[in-house]
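Q:
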Amino acid sequence: MTLQFCPDLILTNGRIVTVDAAFTIAEAVAVYDGKVVAVGSAAEVGSLAGARTRVIDLGGRCVVPGQYDNHVHMLLAGLDALGGKAKVNIATLPSIEDILKAIAERAAVTPKGQWIGTSCMYRGALKEGRFPNRHDLDKVAPDHPVYIFQSGKNVICNSHALRLAGIHSQTRQPEEPEGWIAKDESGEPTGHLIAGAGDMARMAWWRHEGLPAKKWDFLYFDRETQIEAIAAQQAIYHACGIVGVREMGASIDELDAFIEADRRGILKTRMDIVLGLPMRYMSQDEIRTAIDAYFGPKQHVGSPMLRIAGIKLVVVNDGWWAFSKDKLRFIITELNRRGWNMAIHVNTGGGEEPAEAVLSALEEADRELPVAGRRFSFEHGFGLIRPDHIARARRLGIIFGANPLLAWYASARSLRMNEIMEQVRIAKLSEHDPWKRTVRDWGMPLRDWIDAGLTVTGGSDNPAVVYDVEQPFLCQYSALTGRTLAGILMPGQNVTREEMLRMFTANNAYSRFQEGVLGSIEPGKMADFVVLDRDIMRCDAEEVRTLGVLQTWVGGELVHDKLGG
Numbered sequence: 018m019t020l021q022f023c024p025d026l027i028l029t030n031g032r033i034v035t036v037d038a039a040f041t042i043a044e045a046v047a048v049y050d051g052k053v054v055a056v057g058s059a060a061e062v063g064s065l066a067g068a069r070t071r072v073i074d075l076g077g078r079c080v081v082p083g084q085y086d087n088h089v090h091m092l093l094a095g096l097d098a099l100g101g102k103a104k105v106n107i108a109t110l111p112s113i114e115d116i117l118k119a120i121a122e123r124a125a126v127t128p129k130g131q132w133i134g135t136s137c138m139y140r141g142a143l144k145e146g147r148f149p150n151r152h153d154l155d156k157v158a159p160d161h162p163v164y165i166f167q168s169g170k171n172v173i174c175n176s177h178a179l180r181l182a183g184i185h186s187q188t189r190q191p192e193e194p195e196g197w198i199a200k201d202e203s204g205e206p207t208g209h210l211i212a213g214a215g216d217m218a219r220m221a222w223w224r225h226e227g228l229p230a231k232k233w234d235f236l237y238f239d240r241e242t243q244i245e246a247i248a249a250q251q252a253i254y255h256a257c258g259i260v261g262v263r264e265m266g267a268s269i270d271e272l273d274a275f276i277e278a279d280r281r282g283i284l285k286t287r288m289d290i291v292l293g294l295p296m297r298y299m300s301q302d303e304i305r306t307a308i309d310a311y312f313g314p315k316q317h318v319g320s321p322m323l324r325i326a327g328i329k330l331v332v333v334n335d336g337w338w339a340f341s342k343d344k345l346r347f348i349i350t351e352l353n354r355r356g357w358n359m360a361i362h363v364n365t366g367g368g369e370e371p372a373e374a375v376l377s378a379l380e381e382a383d384r385e386l387p388v389a390g391r392r393f394s395f396e397h398g399f400g401l402i403r404p405d406h407i408a409r410a411r412r413l414g415i416i417f418g419a420n421p422l423l424a425w426y427a428s429a430r431s432l433r434m435n436e437i438m439e440q441v442r443i444a445k446l447s448e449h450d451p452w453k454r455t456v457r458d459w460g461m462p463l464r465d466w467i468d469a470g471l472t473v474t475g476g477s478d479n480p481a482v483v484y485d486v487e488q489p490f491l492c493q494y495s496a497l498t499g500r501t502l503a504g505i506l507m508p509g510q511n512v513t514r515e516e517m518l519r520m521f522t523a524n525n526a527y528s529r530f531q532e533g534v535l536g537s538i539e540p541g542k543m544a545d546f547v548v549l550d551r552d553i554m555r556c557d558a559e560e561v562r563t564l565g566v567l568q569t570w571v572g573g574e575l576v577h578d579k580l581g582g
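Numbering (the numbering used here), first residue to last: 18 to 582.
1. Only counting the same chain, and skipping five residues up and downstream in sequence, which positions put a Cβ closer than 6 Å to that of Val-441?
2. Whole angstroms are fine: how far does the CA of Ile-402 sit from the CA of Pro-462?
3. Quick check for students: name the residue ranges of the beta strand (DSSP E) that lie wholly in the segment 80-143, counting only runs of 3 or more.
4. With the cut-off set at 7 Å, would you say Ala-288 and His-90 are in Cβ contact?
5. Who are Arg-324's beta bridge partners in DSSP?
6. Give me, in chain order, the residues of the same chain whose beta-carbon lies closer than 7 Å to that of Lys-144; leave out the 5 immediate sequence neighbours on both sides.
7. Report, in whole angstroms, the separation of the C-beta atoms of Ala-372 and Gly-400, which I expect to be a contact under 8 Å.
8. Taking the beta strand (DSSP E) that Thr-474 falls in, what are its first and last residues?
9. For Ile-538 versus Val-53, is the C-beta spacing smaller than 7 Å?
10. Quick one: what's got a C-beta closer than 6 Å to Glu-396's C-beta in the same chain, skipping five residues either side?
11. Have a look at Ile-407, Gly-356, Trp-357 and Thr-70 and flag the residue whose alpha-carbon is nearest the alpha-carbon of Leu-376.
12. Expressed to the nearest angstrom, what Euclidean distance is found between the alpha-carbon atoms of Thr-498 and Ala-481?
13. Does Phe-546 pass the burial test, meaning 16 or more other C-beta atoms within 10 Å, or should it be called exposed?
14. Starting from His-362, follow the beta strand (DSSP E) in both directions and report where the run begins and ends.
15. Could you tell me the alpha carbon to alpha carbon distance between Gly-101 and Ile-244, rounded to whole angstroms?
16. Short of 7 Å in beta carbon distance, which residues of its chain neighbour Arg-354, apart from the five on each side in sequence? Order them along the chain.
17. Residues bridged to Trp-425 by DSSP?
18. Is it buried or exposed, Glu-609, if we count other Cβ atoms within 10 angstroms and call 16 or more buried?
19. For Asp-458, I'd like the list of residues in its chain whose CB is within less than 7 Å of its CB, leaving aside the five on either flank, ordered along the chain.
20. Would you report the Cα separation of Arg-151 and Trp-197, rounded to the nearest angstrom?
21. Just the Cα atoms here: how many angstroms apart are Asp-552 and Val-46?
22. Suppose you measure from the CA of Arg-411 to the CA of Cys-556; what does that come to, to the nearest Å?
23. Give the DSSP-derived three-state secondary structure of Ser-394 in the structure shown.
24. Applying the 10 Å Cβ sphere with the 16-neighbour rule, what's the burial state of Ser-300?
25. Please name the residue or residues paired with Pro-206 in a DSSP beta bridge.
26. Identify which residue in Trp-425, Gly-261 and Trp-222 has its Cα closest to the Cα of Thr-569.
27. Output needed for Arg-433: all residues of its chain with C-beta closer than 6 Å, excluding positions within five of it in sequence on either side, in chain order.
28. Give, in chain order, every unbroken run of the alpha helix (DSSP H) that is at least 4 residues long and sits entirely within the segment 464-536.
29. Mind the definition here: the segment 447-455 touches the segment 63-81 only if three or more C-beta pairs lie below 8 Å; say whether that holds.
30. So if DSSP puts Ser-176 in a beta bridge, which residue, or which two residues, is it bridged to?
31. State whether the segment 36-51 contacts the segment 210-229, with contact taken as three or more CB pairs (one from each stretch) at a distance under 8 Å.
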């Protein structure tokens with residue numbers, strides 16, 4: 018083994034899980050100019066060291082490729098991670114009492130009339146067995162418009178925010194996008210605005226504030242706050258061994274924030290930005306005009322840390338349809354006709370019908386411009402169970418973006434709060450048995466998908482659920498064991514350790530058209546890797562959830578360190 022130059026860095030005397038085609042285990046890896054240049058035995062790689070080479074003795078520790086998350090909203094998560102500077106972070110608060118206390122503390126230091134928004138609510142079951150409502154929020158913040166970003170498009174708001182939205186007892190239920198204004202026995206809104214009803218409120222609030230619509234959250238933040246949020250969430254990802262993500266549904270201002278963070282050298286996470294055009298608010302003519310000119314060329318996009326990677330499309334969320342089937346076919350046809358790649362949130366909580374509608378629309382579009390080879394993705398994968406649907410997706414070359422961490426938490430809420438979820442219609446229910454509904458909504462037949470020849474990737478849907486630095490590999494653990502907080506939803510559908518690692522490394526790289534430069538520890542690929550405190554291939558399966566991330570390297574740069582390296 019010879020090189021014409023001395024490596025910048027050698028990690029040696031370790032157990033290097035390369036995740037190459039043969040799943041080779043090596044002892045050492047050498048890095049030059051941010052890329053892997055040699056992998057092999059300690060003696061072979063060590064012989065390459067020169068006077069300027071930094072040599073780190075791993076002491077037998079395990080190294081795996083940097084982990085990738087297929088589905089995040091990094092900037093939203095980062096706003097939560099700022100410690101309350103931007104939004105009230107309630108993502109890990111498991112009770113209404115805790116939530117109200119946090120909102121009261123913010124109200125005490127916020128000028129009257131100013132908005133108070135929160136992070137996503139804890140995705141598991143709340144201790145009180147119910148959700149907060151406007152009466153709860155009115156008690157702690159009567160003089161501020163307040164909303165809880167419950168998850169996805171659903172919100173819970175107080176009376177002040179309802180007045181600004183123009184929503185009252187006589188307001189008609191939305192039809193497209195579908196949704197529900199939850200009301201009490203007297204017909205008054207409870208503050209729960211589900212799917213299209215949340216959209217209705219956001220549109221009114223944006224008009225009131227003189228702001229443009231965007232795909233997800235209502236509030237806008239200044240550029241420096243956005244960049245601070247990116248840095249804050251990035252630190253959490255690095256502490257959990259995450260070196261790259263797909264950012265889902267980014268708006269124009271969010272894209273510009275990522276570009277500026279990259280320009281300043283702050284961005285050390287490999288980003289695939291999937292853009293978010295708020296199509297559910299738009300007519301077909303508006304959509305056609307928008308996608309003809311949407312965003313336009315962006316400076317700096319195409320760097321090693323930042324690429325534009327298609328458009329996000331949400332079809333059914335918690336059982337509620339974002340558009341009619343005719344509009345869905347129109348959107349898919351128009352996007353495909355223009356060569357856009359698509360990340361499609363087919364379904365959560367909607368049974369089999371959404372998958373049939375999306376597959377039929379894709380097959381129709383495929384006859385005009387082939388879809389196979391374009392690596393479109395089905396986000397989450399929930400509800401994609403029928404063998405014929407899986408086979409049709411395979412023929413179209415669809416990537417399945419599984420989110421085990423979302424299933425881990427959300428299954429517990431579905432199972433343990435089923436009755437209250439029916440009352441507020443936080444999800445449109447066609448199955449009333451709590452266990453059957455939980456399995457239908459959150460079960461992932463990973464084994465069936467993989468055995469059918471699909472490429473399956475791994476990720477979280479952060480911040481719908483949060484990364485826990487004390488359990489950095491909880492997402493991988495759930496895929497490996499099939500376990501969730503509600504139990505094992507689909508026995509026998511868990512994956513092997515090799516499959517688990519490929520889901521979060523090589524498969525994610527493939528889904529991004531970057532299998533030649535990312536996803537494994539091989540010569541010529543980027544030096545992205547994670548040093549663990551135990552051997553992920555040999556430790557007990559129960560230990561995978563608490564594996565410690567000791568170091569994270571991105572392009573040969575140490576971005577997280579608990580070893581003092």
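Ideal Cβ placement from N, Cα and C applies to all residues, glycine included.
Small disclaimer: the values here were computed from a predicted structure and weren't measured.
A: Quick answer:
1. The answer, listed in chain order, is Ala-199 and His-209.
2. The straight-line gap from Cα to Cα measures roughly 7 Å.
3. Qualifying beta strand (DSSP E) stretches, in chain order: 84-89 and 133-137.
4. The amino acid occupying residue 288 in the given sequence is Met; Ala does not appear at that position. Result no, Cβ atoms of Met-288 and His-90 do not sit closer than 7 Å.
5. Under DSSP, Arg-324 takes part in a beta bridge, and its partners are Asp-289.
6. Residues Pro-111 and Ser-112 of the same chain have their beta carbon placed closer than 7 Å to that of Lys-144, with the five preceding and five following residues left out of the count.
7. Yes, they are in contact, since the Cβ atoms of Ala-372 and Gly-400 sit about 6 Å apart, within 8 Å.
8. Counting along the chain, Thr-474 sits inside the beta strand (DSSP E) bounded by residues 473-475.
9. Contact: yes.
10. Setting aside the 5 residues that flank it on each side, Glu-396 is surrounded in the same chain by His-88, Ala-360, His-362 and Gly-418, each with a C-beta closer than 6 Å to its C-beta; the list follows chain order.
11. Out of Ile-407, Gly-356, Trp-357 and Thr-70, Ile-407 has the C-alpha closest to the C-alpha of Leu-376.
12. Cα to Cα, Thr-498 sits roughly 22 Å from Ala-481.
13. Phe-546 comes out buried.
14. His-362 -> beta strand (DSSP E) spans 359-362.
15. Those two C-alpha atoms are separated by around 15 Å.
16. Closer than 7 Å at the Cβ level, and outside the excluded window around Arg-354, lie Glu-385 and Leu-386.
17. DSSP lists no partner for Trp-425.
18. Residue numbering for the chain in the displayed model covers 18 to 582; residue 609 lies beyond these limits and cannot be assessed.
19. Within the same chain, Thr-365, Gly-366, Phe-399 and Ser-431 come within 7 Å of Asp-458 by CB-CB distance, once the 5 residues on both sides are set aside.
20. Taking the straight line joining both Cα atoms gives about 15 Å.
21. Near 17 Å, if we compare the C-alpha coordinates of Val-46 and Asp-552.
22. If I take the Cα positions, the gap works out to 34 Å.
23. Strand, per DSSP.
24. Counting every other CB atom within 10 Å of its CB across the protein chains shown gives Ser-300 a total below 16, marking it as exposed.
25. Note: Pro-206 sits in a beta bridge opposite Lys-200.
26. Comparing Cα positions, the closest option is Gly-261.
27. Contacts found: Ala-142.
28. Residue ranges of uninterrupted alpha helix (DSSP H) with 4 or more members, entirely inside the segment 464-536 and ordered along the chain, are 491-498, 514-521 and 523-528.
29. With a cut-off of 8 Å, the segment 63-81 and the segment 447-455 do not count as touching, because too few Cβ pairs lie within range.
30. Beta-bridge analysis with DSSP links Ser-176 to no other residue.
31. No: the two stretches stay apart, fewer than three of their Cβ pairs being nearer than 8 Å.
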